[in-house]
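Data block below; observations after.
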Amino acid sequence: MAQEKARRADAKVARVPKVPLDGAHHGDIRGAFGTIGEHDPAGARSWRRRLLALAVIIGPGLIVMVGDNDAGGVSTYAAAGQNYGTSLLWTLLLLIPVLIVNQEMVARLGAVSGVGHGRLIFERFGKIWGRFAVSDLFVLNFLTIATEFIGISLGAQYFGVPAWVAVPLAGLVLVGITVTGRFETWERLMFVLLFGNLLCIPLMLLSHPTLGPVVQHFIVPGVEGGFKSDGVLLIVAIVGTTVTPWQLFFQQSNVVDKRITPRWIPYERADTVIGTMVVVMGATAIMVGTAFAFSRTGGGVGNPNAFTNAYDLANSLKAHAGPAVGAIFSILLIDASVVGASAVTLCTSYAFGDTFGIRNSLHRSWREAKSFYATFTAIVTLAAVFVLIPGVPLGLVTTAVQALAGVMLPSACLFLLFLCNDREVLGPWVNRPWFNLLAALILGFLLVLSVILVVSTILPGIDVARLLVVLVAVMIVGLAVAIVINVRARRAMPPDPRLDEDRETWRMPSLALLNQPGKSRGRLLALCAVRGYAIVAMVSLLVKTIVASHGGH
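Its first residue numbered 1, the sequence shown is counted upward by one per residue in the working numbering.
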């Protein structure tokens, strides 16, 4: 027996990664508004000290959420306001649980495990699934960054600045923010950009909104003109812009890089909730502002195809509500695009470090982490060059990226849900049964939205409302079966002493010392099913994009 234990221990040690984890991820928490010592206690604090601690911790959750209000988000909310007035405000309430649940899970994973999201997927699911997850992320992130540069070029165009000037200048700003070699300096510069999101408030106020329609449409679900295909599709787009794969990877890696440990998880949860409220309020202000700019009553313009692109919308706002409103919207679009591009590019660099075992910390200087910063710079450069290529169908790229994100989101959320039930990784921090039920409901909801978005992109003439009803029915049946299987599996599972350990001090052991996950047919079938759907959908989207780029239908 002793020899067998020794053999297993040797086998675990043999799995030690060739490149060790980055030592810069350990030490004092250095934030934009101060420092918390590595061994400072988290408990028994006055309200003043708690607020000061929150000020230091705040960052990963707020940045990832405001980064979600990027070029695509601003355009989607503005389109909703222009086309349907305030009638879609109720959809923004759906964002709150979706954002909080998904981002809380990755924040918890980062604080407890101390490693990035990509690294955990490689370690707990194997190289094949890890390569699938990270390669999907790389492709999607590159195209997403390109859409951010499209937003920058459209916003600059309003002021008469050509794309060949605005795009390279924005690229230089992005690189300059990131290569400081000090995490706290990067975070301070990001907070400066985050304040630009406040421009949505004067955008709303200058449109002279009235309170009645706003309150009514927040409470009562409906669509201006009825639940037709175009309206349902825009609802899908609004919710579909809230959670994307890059957000999951970014917040976990940023929590690790900021050196947040389990005893600070309540503060990081507060950071995530604050970020959620900020992004929802920003989306509300944009939707309300554009709704009342085009109609004194907050109703839509009566044409579901009124929105064309952000540049045309800015000019329309100028004509209907005055030059100040058009200018504010354009500046807001540029600022949101820069924040989104910075977060998505950094997320890609973090994942690159996780995949290839290179140093990937903002605490390191260029000399200490050349590959990390070079990756960031290369991604920014390539995306900027791509946008400046003459003849590239920028509108088509933006639409395709949104659909592609919808395709990849369910598999990313499925990996996340499995990781948050991995007792080797999270110990006493694993999801509670009620939390699993809520997360599974959200996953099913996102999968329904993903299928609708993809099918409607490939088959524009499909009855989206009827498709929604069918998919929701299938989702309910699937969730019921999953709950039964999960309950039986939990009853058969032996008690785990780790669940009773002190949550504040428990951290994941070294990756090399973890027992490998047991073989699960259900988990494999779920991953294969979602992956199969993603492959079919991606191929269909690629064909659709190629045909559309050549003038086909």
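Note that the Cβ used here is the ideal one computed from N, Cα and C, for glycine as well.
Does the CB of Leu-169 have a neighbour CB from chain C at under 8 Å? Protein chains in the displayed structure number just one, and chain C is not present.
Using the rule of at least 16 other Cβ atoms within 10 Å of the residue's Cβ for burial, across every protein chain shown, is Asp-68 buried or exposed? buried
I want to know whether the segment 434-450 touches the segment 207-225 - three or more CB-CB distances under 8 Å. no
Could you tell me if Met-493 is buried or exposed, where buried requires 16 or more neighbouring beta carbons within 10 angstroms of its beta carbon? exposed
My understanding is that Val-380 touches Thr-345, with C-beta atoms under 8 Å, so please give their C-beta distance in whole angstroms. 6 Å
With DSSP as the reference, label Ile-29 as helix, strand or coil. strand
Mind pulling the alpha helix (DSSP H) runs of 4 or more residues that sit fully within the segment 94-177? 117-125, 127-158
Determine the burial state of Trp-246: buried for a count of at least 16 other Cβ atoms within 10 Å of its Cβ, exposed for fewer. buried
Measuring CB to CB, does Asp-271 end up less than 8 Å from Ile-36? no
Which stretch, first to last residue, makes up the alpha helix (DSSP H) that contains Ile-219? 211-219
Output needed for Phe-250: all residues of its chain with C-beta closer than 6 Å, excluding positions within five of it in sequence on either side, in chain order. Hits under 6 Å: Val-64, Ala-343, Cys-347.
Let me confirm a value: Asn-515 is counted as buried when at least 16 other C-beta atoms fall within 10 Å, else exposed. Which label applies? By the neighbour-count criterion, in which 16 or more other beta carbons inside 10 Å mark a residue as buried, Asn-515 falls on the exposed side.
Exposure of Leu-51, with buried meaning 16 or more beta-carbon neighbours within 10 Å: exposed
Buried or exposed: where does Cys-528 fall if 16 or more other Cβ atoms within 10 Å of its Cβ makes it buried? exposed
Quick one: grab the DSSP three-state call for Ile-36. strand
Of the residues Gly-340, Ala-291, Val-338, which one's Cα is nearest the Cα of Val-325? Comparing C-alpha distances from Val-325 to each of Gly-340, Ala-291, Val-338 shows the shortest one belongs to Ala-291.
Curious, which full-length alpha helix (DSSP H) runs of at least 4 residues does the segment 418-455 contain? 423-426
Using only the alpha-carbon positions, how far apart do Arg-15 and Ser-510 sit? Residue placement at Arg-15 cannot be trusted, given a pLDDT of 43 that sits under 50; what the coordinates show is reported in the next sentence. Using only the alpha carbons, I get a separation of about 11 Å.
Separation of Ser-450 from Val-430, as counted between CA atoms: 27 Å
Tell whether a beta-carbon distance below 8 Å holds between Leu-62 and Leu-194. yes
Between the alpha carbons of Asp-136 and Ala-473, how many angstroms are there, rounded? 29 Å
Is the segment 404-417 touching the segment 138-147 in the sense that three or more CB pairs, one from each, lie closer than 8 Å? yes
Do you know how far the Cα of Ser-365 is from the Cα of Glu-184? 13 Å
Whole-Å CB distance - Cys-200 paired with Leu-332, under 8 Å assumed: 6 Å
Same chain, Cβ closer than 6 Å to Leu-154, five either side skipped, listed in chain order: Ala-310, Tyr-311
With a threshold of 16 other CB atoms inside 10 Å of the CB of Glu-148, please say whether the residue is buried or exposed. buried
Whole-angstrom C-beta distance between Val-288 and Gly-518, which should lie under 8 Å: About 51 Å; that fails the 8 Å criterion.
Counting pairs of beta carbons, one from the segment 109-127 and one from the segment 448-468, are three or more of them closer than 8 Å? no
Closest to Asp-22 by C-alpha separation, out of Ile-328, Leu-467, Met-538, Phe-372, would be which residue? Phe-372
Measuring only the C-alpha atoms, how far is Thr-180 from Ile-485? 50 Å
Report back the beta-carbon spacing between Phe-218 and Leu-89 to the nearest angstrom; my notes put them in contact at under 8 Å. 5 Å
According to the neighbour-count rule (16 or more other Cβ atoms, all chains shown, within 10 Å of its Cβ), is Trp-164 buried or exposed? exposed
Identify the continuous alpha helix (DSSP H) that holds Asp-68 and give its terminal residues. 60-68
Return helix, strand or coil for Gly-357, following the three-state DSSP convention. coil
Excluding sequence positions up to five away, which residues of its chain have a Cβ less than 6 Å from the Cβ of Gln-157? Tyr-311
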